[in-house]
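*Asks:*
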Amino acid sequence: MLLKKTHLRDRHLSRVLNIGTPYLWLGLFFLLPFAIVLHISMAETALAQPPYTSLMNWVGDGVLQIRLNLQNFVSVFTDELYLAALLNSLWIALVCTIACLLIGYPMAYAIATSPERQRVILLMLIILPFWTSFLIRVYAWIGILKPNGLLNNFLMWLGLIHEPLTILHTQTAIYIGVVYSYLPFMILPLFANLTRLDFSLLEAAADLGCRPFKAFLKVTLPLSLPGIVAGSMLVFIPVVGEFVIPDLLGGPDSLMIGKQLWTEFFGNKDWPLAAALAICLLGLLVVPFVLMQRLESRIGGDEL
Amino acid sequence: MANPEQRKLEPWQDPKAAPYVRIDHVTKQFGDVYAVDDVSLDIFQGEFFSLLGSSGCGKSTLLRMLAGLERPTKGRIYIDGADVTDIPAYSRPVNMMFQSYALFPHMTVEQNVEFGLKQDRMPRKERAERVGEMLGLLQISELRKRKPDQLSGGQRQRVALARTLAKHPKLLLLDEPLGALDKRLRESAQFELVNLQERLGITFVTVTHDQEEAMTMSTRIAVMNAGQILQVDTPTAIYEYPEYRFVADFIGLVNLFDGRVAETQDDQVLVETNLGRRLHMRCSHPHAVGTPVTVAIRPEKLQICQTYHENGVNQVKGVVEDIAYLGDVSIYRVRVSPEMLVEMTLTNIQPRTEQALTWGQEVAMEWSPTSGVVLTE
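Quick mapping for you: the protein sequence lines, in order, are chains S and U.
Under numbering that gives the first Met the number 0, the first residue of the first sequence is numbered 0, with each subsequent residue one higher.
Under numbering that gives the first Met the number 0, the first residue of the second sequence is numbered 0, with each subsequent residue one higher.
1. Any beta-carbon of chain S closer than 8 Å to the one on U/PRO368?
2. Can you give me the start and stop residues for the alpha helix (DSSP H) that U/ASN94 sits inside?
3. Do you know how far the Cα of U/ARG157 is from the Cα of U/PHE48?
4. Label S/GLY176 either buried or exposed according to how many other C-beta atoms from any shown protein chain fall within 10 Å of its C-beta, with 16 as the threshold for buried.
5. Output the boundary residues of the beta strand (DSSP E) element that contains S/ASN147.
6. Closest to U/CYS56 by C-alpha separation, out of U/VAL206, U/LEU269, U/SER283, would be which residue?
7. Taking C-beta pairs closer than 8 Å, name the residues in chain S that U/SER99 reaches, listed in chain order.
8. Just verifying my parser: in three-state terms, what is the DSSP assignment at S/ARG293?
9. Is the CB of U/LEU68 under 8 Å away from at least one CB in chain S?
10. Excluding the 5 residues flanking S/GLY307 on each side, which residues of the same chain have their C-beta closer than 6 Å to its C-beta?
11. Can you give me, in chain order, the residues of the segment 202-229 of chain S that have a beta carbon less than 9 Å from any beta carbon in chain U?
12. Could you check which residue in U/GLU338, U/GLU309, U/GLU361, U/PRO337 has the C-alpha nearest to that of U/ASP331?
13. Consider the Cβ of U/GLY115: report whether some Cβ of chain S lies at a distance smaller than 8 Å.
14. Taking contact to mean at least 3 C-beta pairs separated by less than 8 Å, is the segment 179-188 of chain S in contact with the segment 257-276 of chain S?
15. Rounded to the nearest angstrom, how far is the Cβ of U/ARG162 from that of U/GLY115, given a contact under 8 Å?
16. Which partner residues of U/SER336 appear in the DSSP bridge assignment?
17. Can the beta-carbon of U/HIS286 be found less than 8 Å from the beta-carbon of U/VAL294?
18. Quick one: what does DSSP say S/VAL286 is sitting in, helix, strand or coil?
19. Sorted by chain position, which residues of the same chain lie with C-beta nearer than 7 Å to U/GLY137's C-beta, five sequence neighbours on each side aside?
20. Cβ of S/LEU27 less than 8 Å from any chain B Cβ?
21. Is S/TYR22 helix, strand or coil by DSSP?
22. With burial defined as no fewer than 16 other Cβ atoms inside 10 Å of the residue's Cβ, what is the status of S/TYR22: buried or exposed?
23. For U/PRO10, count neighbouring C-beta atoms within 10 Å of its own C-beta (all shown protein chains included) and say buried if the count is 16 or more, exposed if not.
24. For S/LEU12, does the three-state DSSP call read helix, strand or coil?
25. Name the chain S residues that come within less than 8 Å of U/ALA161, Cβ to Cβ?
26. How would you write the range of the alpha helix (DSSP H) that S/PRO237 sits in, first residue to last?
27. Would a C-beta distance cut-off of 8 Å place U/LEU40 and U/VAL231 closer than the cut-off?
28. Identify every residue that forms a DSSP beta bridge with U/VAL218.
29. Residues of chain S with CB closer than 7 Å to the CB of U/PHE103, please, in chain order.
30. Got a sec, what are the start and stop residues for the beta strand (DSSP E) U/GLU361 sits in?
31. Assign U/GLU175 to one of two classes, buried (16 or more other C-beta atoms within 10 Å of its C-beta) or exposed (fewer than that).
32. Taking the alpha carbon of U/ARG63 as the reference point, which residue from U/GLU46, U/VAL93, U/LEU180, U/SER53 has its own alpha carbon closest?
33. Taking the C-alpha atoms as reference points, what is the distance between S/MET255 and S/SER113?
34. Determine whether the Cβ of U/GLN149 lies closer than 8 Å to any Cβ atom of chain S.
35. Do the segment 297-312 of chain U and the segment 359-376 of chain U meet, that is, are 3 or more Cβ pairs less than 8 Å apart?
36. Residues of chain S with a CB under 8 Å from the CB of U/LYS166: which are they?
In structure tokens:
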């Protein structure tokens, strides 16, 4: 009896630790910084260190004055610059997610269906770029895309074009850079999903009179939906806030919210506005996340 | 032998009957390995045919070639007179039940059963009727809205069967159809499967490693080993008259006595065994004197010998070493020589405690000349 009790207590403790640790982690490294950013977003700029005013002030006679400045949020939603940047970011993220999916799905499928020994090598090739700094890889694209860069020289040598194409510092360059950088994040979850696919299901489909492409649409695709959702989120969400790629490869006309945020923080030293932008961005990104989680729970349910 | 009724029941006895499935010198190679090695086989309309063998003997590969999931390296396959060797699985009039059942996990029971009908572009109304009919046939109508992961093993097997039967195939292939069921369920499922086959009149070809399953269900059995078919026969013939040592050994328990032919006369043969005793057997093929042979005798064909002679024919004596009590019968393992144990099965007419034979007891056994076979290979 006594033994059972201590055993139960141990189990209780390990449960608390198991569930508590991630909460503690999230609280310390997500919720707390979020609260700080939220706090800054409602302050005003000041020529001070740090460059914003405090929300709370003692104004004598035991009165604590709290000033919440919502002007920054108003600017975010009324200033066309931010709105355009936000919409363009969403557009770029959408286009790139679809492109990554279209390129990544066949690659993930090929890796998942290849023999064990080749699979390790192919996976290695997908992961290999991560061994070089992200920044250096994006810089390398400048060398490829610039007017007298590798790509233009190659195309001119082939005789396909007679004068260099302007790719660098356009939205196209951003698309190329983003798709290149984020492709592995699409491939890896898809691969993880597709390796678990039971190929006897495809044989069963064929046996029941289904041609290979239709079997793909009816069996493989719906069963890989969780992988598609996971890969799309891993691409879409960070791309919306991406700032290195638009900064290095993009031009003056390709506004992205991440770059705008950076400019406000470091260029204009307007921390409160930058914080407000960050809060809005976060709020915006919660929407697709919730939508996709809904979709995933629907796959588990009777729909579809 | 050749009366018309018999021919209808046993079409393989009728030289004029056209086979429904003809496997003609089919070979399947995977790299250097011959999974199926020059197999020829005829299966007739309405048969319940079993391919029996241990794992890796090529039985599943043979079945998959019938389904169109593997292409033969050599040879042709004909179904209902048509050469289907080059026809892909999705165009064959054949359906297969997979060992894992391969139910689509993202579809309900109903959608699973309907899948094949949709591929045939069957009108919606007709489709719904057929699905209802199949679910009714297998008594799973109340499960129609469930997904495969909400079903038990037995229920899944029924759904898989309903799905393969839905298209009214002319030939149904079953890969270890009862392999995933527990023993009790398997026994009732065996009878059910046979009843279903008789009712629908579809030709069944099953693959199994379970000899008991093959014996109870099949019209004929093909015993396979190392990519080749050793013997094709009715369950009775396979059990009573095996043609190969492997077949005798694979199906049920058997006592094998090695020896040489000492004398032959008409259909009788005298075999001098390594035990120093003579066995007198009836034998359909004549054997030359001196031919090395093996006499195979089933344990239940042995009897306790009342009149034992030192030189008695078809008699052996030994000491009971092991008793396996199975309830209805007991298997006695009797040491007759330092190298050889003979197994004898006796029905337990008396309760266990009152039985005559116990461990360490000396016992003499005998059998009749017609109760075994003489094997050369």
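Yeah, the Cβ is synthetic: ideal placement off N, Cα and C, and Gly gets one too.
These numbers were taken from a predicted model, which means no experiment stands behind them.
*Replies:* Judging by the given coordinates:
1. Locating residue 368 of chain U in the second sequence gives position 369, where the first residue counts as 1. So no, U/PRO368 is outside the interface.
2. Here residue 94 of chain U corresponds to residue number 95 of the second sequence, with the count starting at 1. Looking at the DSSP string, U/ASN94 is not in any alpha helix (DSSP H); the run it does join, the beta strand (DSSP E), is 93-96.
3. Indexing the second sequence from 1 puts residue 48 of chain U at position 49. Indexing the second sequence from 1 puts residue 157 of chain U at position 158. Taking the Cα positions, U/PHE48 is about 20 Å away from U/ARG157.
4. For the purposes of this step, residue 176 of chain S is taken as residue 177 along the first sequence, with counting starting at 1. Classification for S/GLY176: buried.
5. Working through the first sequence from its first residue, we reach residue 147 of chain S at position 148. Unbroken run through S/ASN147: none, as it is neither H nor E.
6. What you label residue 56 of chain U is simply residue 57 of the second sequence in a count that begins at 1. When U/VAL206, U/LEU269, U/SER283 are compared, the shortest CA-CA separation from U/CYS56 is found for U/VAL206.
7. As a position in the second sequence, residue 99 of chain U is number 100, starting the count at 1. Taking the beta carbon of U/SER99 as reference, the chain S residues within 8 Å of it are ASP197, SER199, listed in sequence order.
8. Within the first sequence, residue 293 of chain S is the residue found at index 294, counting from 1. Note: S/ARG293 maps to helix in three-state DSSP.
9. Position 69 of the second sequence, counted from the start, is the residue given in the question as residue 68 of chain U. Output row for U/LEU68: interface = yes.
10. No statement about residue 307 of chain S is possible, as the shown extent of chain S runs from 0 to 303 and does not include it.
11. Of all residues in the segment 202-229 of chain S, only GLU202, ALA203, ALA204, ALA205, ASP206, LEU207, GLY208, CYS209, ARG210, PRO211, LYS213, ALA214, LYS217, VAL218, PRO221, LEU222, LEU224 place a beta-carbon less than 9 Å from a beta-carbon of chain U.
12. If you number the second sequence from 1, residue 331 of chain U lands on position 332. Here residue 331 of chain U turns out to be Tyr, not Asp, going by the sequence shown. Of the candidates U/GLU338, U/GLU309, U/GLU361, U/PRO337, the one whose C-alpha sits nearest the C-alpha of U/TYR331 is U/GLU361.
13. Locating residue 115 of chain U in the second sequence gives position 116, counting from the first residue. It does; some Cβ of chain S falls within 8 Å.
14. No, the segment 179-188 of chain S is not in contact with the segment 257-276 of chain S.
15. The count along the second sequence starts at 1 and reaches residue 162 of chain U at position 163. The count along the second sequence starts at 1 and reaches residue 115 of chain U at position 116. Right, their Cβ atoms sit about 7 Å apart.
16. Here residue 336 of chain U refers to the residue found at position 337 of the second sequence. When beta bridges are read from the DSSP output, U/SER336 appears opposite U/MET339.
17. Residue 286 of chain U sits at position 287 when you count from the first residue of the second sequence. Residue 294 of chain U sits at position 295 when you count from the first residue of the second sequence. At a Cβ-Cβ threshold of 8 Å, U/HIS286 and U/VAL294 do not count as neighbours.
18. Translated into positions along the first sequence, residue 286 of chain S becomes position 287. S/VAL286 falls in the helix class under three-state DSSP.
19. Within the second sequence, residue 137 of chain U is the residue found at index 138, counting from 1. The sequence given here places Leu at residue 137 of chain U; Gly does not occur at that position. The residues are ARG157, LEU160, ALA161.
20. Looking at the structure shown, chain B is missing, and the protein chains on hand are S and U.
21. Here the question's residue 22 of chain S lines up with position 23 in the first sequence. Correct three-state label for S/TYR22: helix.
22. The count along the first sequence starts at 1 and reaches residue 22 of chain S at position 23. When all chains shown are included, S/TYR22 counts as exposed.
23. Taking the first residue of the second sequence as position 1, residue 10 of chain U is located at position 11. Answer is buried; the Cβ neighbour count reaches 16.
24. One-based indexing of the first sequence puts residue 12 of chain S at position 13. Residue state, collapsed to three classes: helix.
25. One-based indexing of the second sequence puts residue 161 of chain U at position 162. The premise fails here: U/ALA161 is roughly 12 Å from chain S at the closest Cβ pair, so nothing lies under 8 Å.
26. If you number the first sequence from 1, residue 237 of chain S lands on position 238. Counting along the chain, the alpha helix (DSSP H) containing S/PRO237 begins and ends at 224-239.
27. Along the second sequence, read from residue 1 onward, the residue named residue 40 of chain U stands at position 41. Along the second sequence, read from residue 1 onward, the residue named residue 231 of chain U stands at position 232. It is a contact, given that the beta carbons lie within the stated cut-off.
28. Looking up residue 218 of chain U in the second sequence gives position 219. With the sequence shown as reference, residue 218 of chain U is identified as Thr, and Val is not the correct amino acid for it. Its beta-bridge partners do not exist; DSSP assigns none.
29. Sequence index remark: in the second sequence, residue 103 of chain U carries index 104 (1-based). Near U/PHE103 (Cβ distances below 7 Å), the residues of chain S are LEU200, VAL218.
30. Here residue 361 of chain U is taken as the residue at index 362 of the second sequence, counted from 1. U/GLU361 -> beta strand (DSSP E) spans 361-365.
31. For the purposes of this step, residue 175 of chain U is identified with residue 176 of the second sequence, where counting begins at 1. By the Cβ neighbour-count rule, U/GLU175 is buried, with 16 or more other Cβ atoms within 10 Å of its own.
32. As a position in the second sequence, residue 63 of chain U is number 64, starting the count at 1. Ranked by how close their Cα comes to the Cα of U/ARG63, the residues U/GLU46, U/VAL93, U/LEU180, U/SER53 have U/VAL93 in first place.
33. Your numbering for residue 255 of chain S matches position 256 in the first sequence. Your numbering for residue 113 of chain S matches position 114 in the first sequence. A direct Cα-Cα distance of roughly 39 Å separates S/MET255 from S/SER113.
34. Along the second sequence, one-based indexing puts residue 149 of chain U at 150. Not closer than 8 Å to any Cβ of chain S, the Cβ of U/GLN149 fails to qualify, so no.
35. Here the segment 297-312 of chain U makes contact with the segment 359-376 of chain U; the two share three or more CB pairs at distances below 8 Å.
36. The residue labelled residue 166 of chain U in the question sits at position 167 within the second sequence. Correct list: LEU207, GLY208.
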